[in-house]
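S.K.: Got a structure here, written out as structure tokens. Questions coming.
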Amino acid sequence: ALVPITELLKEAEAGGYAVGAFNCNNMEIVQAIIAAAEAEKAPVIMQASQGAIKYAGLDYIVAMARTAAEKATVPVALHLDHGTSFEQVMKCIRAGFSSVMIDGSKLPLEENIALTKKVIDVAHAVGVSVEAELGKIGGTEDDISVDEKEALFTDPEEARIFVERTGVDALAVAIGTAHGQYKGVPRLDFERLKKIRSLVNVPIVLHGSSGVPDEAIQEAIRLGVRKVNIDTNIREAFVAAMREVLARDEKEIDPRKVLTPAREAAIEVIREKIRVFGSSGKA
Ligand code: G3H
Ligand code: 13P
Ligand code: ZN
Ligand code: NA
Numbered sequence: 002a003l004v005p006i007t008e009l010l011k012e013a014e015a016g017g018y019a020v021g022a023f024n025c026n027n028m029e030i031v032q033a034i035i036a037a038a039e040a041e042k043a044p045v046i047m048q049a050s051q052g053a054i055k056y057a058g059l060d061y062i063v064a065m066a067r068t069a070a071e072k073a074t075v076p077v078a079l080h081l082d083h084g085t086s087f088e089q090v091m092k093c094i095r096a097g098f099s100s101v102m103i104d105g106s107k108l109p110l111e112e113n114i115a116l117t118k119k120v121i122d123v124a125h126a127v128g129v130s131v132e133a134e135l136g137k138i139g140g141t142e143d144d145i146s147v148d149e150k151e152a153l154f155t156d157p158e159e160a161r162i163f164v165e166r167t168g169v170d171a172l173a174v175a176i177g178t179a180h181g182q183y184k185g186v187p188r189l190d191f192e193r194l195k196k197i198r199s200l201v202n203v204p205i206v207l208h209g210s211s212g213v214p215d216e217a218i219q220e221a222i223r224l225g226v227r228k229v230n231i232d233t234n235i236r237e238a239f240v241a242a243m244r245e246v247l248a249r250d251e252k253e254i255d256p257r258k259v260l261t262p263a264r265e266a267a268i269e270v271i272r273e274k275i276r277v278f279g280s281s282g283k284a
């Protein structure tokens, strides 16, 4: 069965590693995530964004994840990534998600707290874990200066208040990462992370982790990150493999011939990440 992320992250905290949270939006990526986790004997979080749900269908996402988890010998969570409304979160819980993220990071602090609390009250009553976001992580395409970026970083004192008032299970923070492909090498604010971790007693989540150097990810894990989100690096590997087949043989018309190497490439990149996060062999 699908499990909430709470127990997985608690064990990660005890063991000083992080659990990989990999985005999926089709069957091949779901299969790749499970194959990689099985091969590495690692606990794993499969997550679907609202965009992924819109693409594949809520019923298909849940059915694929359930099928994958049923056969798996490793613990698997199905987590909603960046849920933005109470209604969206409720739909996912009713459909069978074992964990959800409510992303109220665009809201003023008090409204973010209120929305997060409202989700937690319902989710916890049915054994579903909740991740929230404080500070704005944003995308690499957002054209803003360094100063403007830092103004959006998570304030450690606000994080303390937020966690205390909401009772959230995991907290996503803005410390210099961004969603999508980076133009240069991202610089993480480790001092801020250290400060946040000294004030809050819940697992920290790192978003936008594709493109962050392995050493920086590992330093963040030493400082308390327990869930690391990866989407872009899977997309890159998946589509690059598709392009290779298509470029090699313009006459190829069998989707399986295109998608098999793509799935293999996704497995490889996910296995590498799992090893970097230190969760290999922890299931
Ligand atoms: O956080 C963003 C994830 O990479 C999901 O992206 O909304 O394009 O599915 P998406
Ligand atoms: P990347 O696409 O940069 O890996 O970010 C993924 C993410 O944070 C999903 O929530
Ligand atoms: Zn994210
Ligand atoms: Na990124």
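Counting in the UniProt record's numbering, the sequence shown runs from 2 upward without gaps.
For every residue, glycine included, the Cβ atom is placed at its ideal position computed from N, Cα and C.
1. What is the residue span of the alpha helix (DSSP H) that residue 132 lies within?
2. Strictly by DSSP, which residues pair up with residue 255?
3. Just to confirm before moving on: does the CB-CB distance between residue 47 and residue 19 stay below 8 Å?
4. When you compare the region 263-272 with the region 9-17, are there three or more beta-carbon pairs, one atom per stretch, that lie closer than 8 Å?
5. Just mark residue 252 as buried or exposed, buried being the case when its beta carbon has 16 or more other beta carbons within 10 Å.
6. With respect to 7 Å, is the separation between the Cβ of residue 46 and the closest non-hydrogen atom of ligand 3 below this value?
7. Going by other Cβ atoms of all chains shown within 10 Å of its Cβ, with 16 needed for buried, is residue 280 buried or exposed?
8. Does residue 42 come out as helix, strand or coil in the three-state DSSP assignment?
9. I need the boundaries of the alpha helix (DSSP H) containing residue 154, first residue and last residue.
10. Take residue 234 and list the residues in its own chain whose beta-carbon comes closer than 6 Å to its own, dropping the five residues that flank it on each side.
11. Any beta carbon of chain D sitting closer than 8 Å to that of residue 170?
12. Who are the Cβ neighbours of residue 112 in its own chain at under 7 Å, not counting the five residues just before and after it?
M.R.: On the basis of the supplied data:
1. Per DSSP, residue 132 belongs to no alpha helix (DSSP H); it is in the beta strand (DSSP E), 130-135.
2. Looking at the DSSP assignment, residue 255 forms no beta bridge with any residue, so it has no partner.
3. no
4. no
5. exposed
6. no
7. buried
8. coil
9. Looking at the DSSP string, residue 154 is not in any alpha helix (DSSP H), and its letter there is neither H nor E.
10. 211, 270
11. In summary, chain D is missing from the structure at hand, where a single protein chain is found.
12. 105
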